[in-house]
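Here is the structure we will look at, set down as structure tokens.
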Amino acid sequence: MSNESLANLLKEERRFAPPAELAAHANVTAEAYEQAAADRLGFWAEQARRLTWAEEPTETLDWSNPPFAKWFADGKLNVAYNCVDRHVEAGNGDRVAIHFEGEPGDSRSLTYAELKDEVSRAANALTELGVRKGDRVAVYMPMIPEAAVAMLACARIGAAHSVVFGGFSADAVASRIQDADAKLVITADGGYRRGKPSALKPAIDEAVAKCPQVEHVLVVRRTGQDTAITEGRDVWWHDVVGRQPAEHTPEAFDAEHPLFILYTSGTTGKPKGILHTSGGYLTQAAYTHHAVFDLKPESDVYWCTADVGWVTGHSYIVYGPLANGATQVMYEGTPDTPHQGRFWEVVQKYGVTILYTAPTAIRTFMKWGDDIPAKFDLSSLRVLGSVGEPINPEAWIWYREHIGGGSTPIVDTWWQTETGAMMISPLPGVTETKPGSAQRPLPGIAATVVDDEGREVPDGGGGYLVLTEPWPSMLRTIWGDDQRFIDTYWTRFEGRYFAGDGAKKDDDGDIWLLGRVDDVMLVSGHNISTTEVESALVSHPKVAEAAVVGAADETTGQAIVAFVILRGTASEDENLVADLRNHVGATLGPIAKPKRVLPVAELPKTRSGKIMRRLLRDVAENRQLGDVTTLTDSSVMDLIQSKLPTAA
Ligand code: ATP
Ligand code: MG
4 MSNESLANLL KEERRFAPPA ELAAHANVTA EAYEQAAADR LGFWAEQARR LTWAEEPTET
64 LDWSNPPFAK WFADGKLNVA YNCVDRHVEA GNGDRVAIHF EGEPGDSRSL TYAELKDEVS
124 RAANALTELG VRKGDRVAVY MPMIPEAAVA MLACARIGAA HSVVFGGFSA DAVASRIQDA
184 DAKLVITADG GYRRGKPSAL KPAIDEAVAK CPQVEHVLVV RRTGQDTAIT EGRDVWWHDV
244 VGRQPAEHTP EAFDAEHPLF ILYTSGTTGK PKGILHTSGG YLTQAAYTHH AVFDLKPESD
304 VYWCTADVGW VTGHSYIVYG PLANGATQVM YEGTPDTPHQ GRFWEVVQKY GVTILYTAPT
364 AIRTFMKWGD DIPAKFDLSS LRVLGSVGEP INPEAWIWYR EHIGGGSTPI VDTWWQTETG
424 AMMISPLPGV TETKPGSAQR PLPGIAATVV DDEGREVPDG GGGYLVLTEP WPSMLRTIWG
484 DDQRFIDTYW TRFEGRYFAG DGAKKDDDGD IWLLGRVDDV MLVSGHNIST TEVESALVSH
544 PKVAEAAVVG AADETTGQAI VAFVILRGTA SEDENLVADL RNHVGATLGP IAKPKRVLPV
604 AELPKTRSGK IMRRLLRDVA ENRQLGDVTT LTDSSVMDLI QSKLPTAA
């Protein structure tokens, strides 16, 4: 964004008030904003008291050496104790912590008491395998309860986990093991994906061959498929964990003790190893889960569809919900196995009340058709969440209508691996929501939009999203690379955190996320947001999903190239391209009309489901593709490339 700030093209006038019933009993009311504005640190000190501390902190924030923050630094706690034991001690041991739903249809439910036993056994096993406080453990697992148990067992003994998404290649795993210098890897024989067992252990064997620091591999038996075992190095979970006593005394660690390292999704470039610590992270994960989902642990059934390999899985499957004593669903497989109604079948089966998923999934469900969710009883749902990308207003409306029965509030939560927990989001009992906007920084969070020079833009203006005050769950550094931490986030705007996302403020001062700064297009001197053009395309009845990029153009500097996926019933007739161009022109103005529109079957996405526009830009400009290590399926790029020459 060099020449001028981001153009403000999209006008979205729809508004939805919070349901009266929810508002009347909401966990958090409008007062929280006032309280936090009056005394931000006091507000966070109070939220820290949701946790059980072995030694209560007396300091809240130490910002004497920015950008290296310390939160609650003189407090001590055990994160796993907070997520498990204390609920059992409070008499809730019989409450279900996890309803596990396997892809083949097997299911089991673990109570908090059972979870405590399992985490204690696993902690004893890690100790037997030589893992000590301060060590790193790599976790490469399918979506099974043992993934959460493994993470909590690490937390319990003070070893940092580095969870690597179970779909990554051996090379991607090896580089992450090496970067974090992990001495133990926890994995499984495999998991179920798309109706069949999918092996995980061979990738670990290949990766560990390049990682001499790995002493042991601990293997959960999930699928029972043939699995090579290296004597002396590899051990089975059911042997080593199974024979341990269920008693384990948790040790209290400093609030700033490392909890985990997690690599970003790699949407914009090489993944960064983000370091999170204990007390501040857990405080904000727990508070936001309580506030944004209005969680009532005695009655709600919560389901986050993310994978534990992403930060959403860390903060909103493992740490936030378990710290809050929630009952949740964990689903192993894909949304279309054995049929495209699988998610809705799970919602109906468990009476899910709070659902947290991603725009990529919602757009896929739109593409599959309205009739699929209509076959299931979704009336238990009372809060719907979205995370991962800007949600197009049309997808938001579809989510509310077809999943939320036309009345369930949607919370569009903006945050990043780096922020550790939600930062900008509506509150379901407070906020009048706007489709496509994350709206307002949460209580205790300070964010705004600035121009190129770092000046706050007025309402109605666009530019860069920045966070203006430190927050409890902020990353503490990039693992092993303090300089990259400073350069990436703290150098662009002095004293403020640069998120890397474009954003605008509407006339009410609400924030709309407009995509990555790296993706913003410059057309005839105007900065245009990819998100706005994509949302305009998705608002056409024939389009389910769209990705746009700016490709070098002799006359306009950059020209907009749009890749679109059509909805289930729509066909690719001869007028389609002209119709879509005109539709965008009518919605946003002639400047935003794509020069080219290419219907495609798939879009390149990261394993976490985000569109990788940089690869589309490479294609549109006839360049060699950049880093594809976190791409889901590289054949997608071949298909798109083969479409291009005929399309000009
Ligand atoms: P990398 O930093 O390696 O490119 P990444 O940014 O995709 O990877 P994540 O931390 O998983 O890694 O994603 C955070 C980003 O996701 C945000 O910066 C933002 O661009 C996008 N995002 C997440 N939630 C929302 C949301 N509710 N609205 C808009 N954008 C969102
Ligand atoms: Mg990022």
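The sequence shown begins at 4 in our numbering and counts up one residue at a time. Virtual Cβ for every residue (Gly too), placed ideally from N, Cα, C.
- For MET524, the uninterrupted beta strand (DSSP E) segment begins and ends at 524-526.
- Beta-bridge partners of ASN68 (DSSP): PHE71.
- Take the alpha-carbon of TRP47 and the one of VAL350: they are about 34 angstroms apart.
- By the criterion of a C-beta distance shorter than 7 angstroms, ALA329 is surrounded in its chain by LEU298, PRO300, ASP303 and TYR305, once the five residues flanking it on both sides are discounted.
- One alpha carbon belongs to PHE171, the other to ASP138, and they sit about 23 angstroms apart.
- In this structure, the alpha-carbon of GLU58 lies about 39 angstroms from that of ASP513.
- In the DSSP annotation of this structure, the continuous segment of the alpha helix (DSSP H) that includes CYS157 starts and ends at 148-160.
- Closest option to ARG616, judged by alpha-carbon separation, among VAL523, ASN30 and MET425: VAL523.
- Of the other Cβ atoms in all chains shown, 16 or more fall within 10 Å of the Cβ of ALA150; this residue is therefore buried.
- Residue side-chain check: GLY503 places its Cβ nearer than 7 angstroms to a non-hydrogen atom of ligand 2.
- Residue pairing for GLN561: DSSP places it in a beta bridge opposite ALA555.
- If one requires a minimum length of 3 residues, the beta strand (DSSP E) runs lying completely within the segment 477-552 are 500-508, 514-519, 524-526 and 529-531, in chain order.
- In this structure, HIS102 is the residue among ALA10, LEU579, HIS102 and SER574 with its C-alpha nearest to the C-alpha of TYR334.
- With 16 or more other Cβ atoms inside 10 Å of its own Cβ, GLN287 counts as buried.
- The three-state secondary structure of THR360, taken from DSSP, is strand.
- Remark: the shortest separation between the CB of GLN419 and any heavy atom of ligand 2 falls under 7 angstroms.
- Per DSSP, reduced to three states, the secondary structure at LYS136 is coil, with no helix or strand assignment.
- In the DSSP assignment, GLU58 is bridged to LYS79.
- Scanning its chain for C-beta atoms nearer than 7 angstroms, with the 5 sequence neighbours on each side dropped, one finds around TRP482 the residues ASP182, ALA183, ILE264, GLY276 and LEU278, in chain order.
- In the three-state reduction of the DSSP assignment, PRO597 falls in the coil class.
- In terms of Cβ geometry, THR291 and MET146 do not form a close pair [threshold 8 angstroms].
- Distances from the CA of ASP174 to each of GLU209, SER201 and ALA309 were compared; the closest alpha carbon is that of GLU209.
- Going by C-alpha positions, GLU106 is about 10 angstroms away from ASP339.
- In its chain, beyond the 5 residues on either side, LEU9, PRO393, GLY465, ASP504, GLY505, ALA506, LYS507, VAL523, SER532, THR533, THR534 and GLU535 have a beta carbon closer than 8 angstroms to the beta carbon of LEU517.
- If only complete runs of 4 or more residues are kept, the segment 201-285 shows the alpha helix (DSSP H) at 204-211 and 240-243, in order along the chain.
- With a cutoff of 7 angstroms, TRP313 counts as near ligand 1, since its C-beta is closer than that to a heavy atom of the ligand.
- Annotated as proximal: TYR115 and ALA100, with beta-carbon spacing under 8 angstroms.
- CYS307 is bridged by DSSP to TYR359.
- The segment 573-589 and the segment 541-549 touch, with no fewer than 3 CB-CB distances between them shorter than 8 angstroms.
- With a threshold of 16 other beta carbon atoms within 10 Å, LYS378 falls short and is exposed.
- GLY312 places its beta carbon 8 angstroms or farther from that of GLY94.
- The straight-line gap separating the alpha-carbon atoms of GLY588 and VAL600 is approximately 13 angstroms.
- Secondary structure at TRP47: helix, using DSSP grouped into helix, strand and coil.
- For THR360, the shortest C-beta to heavy atom distance toward ligand 2 is 7 angstroms or greater.
- Judged by DSSP in its simplified three-state form, ARG196 adopts strand.
- Look at GLY344 here: in three-state DSSP terms it is coil, with no helix or strand label.
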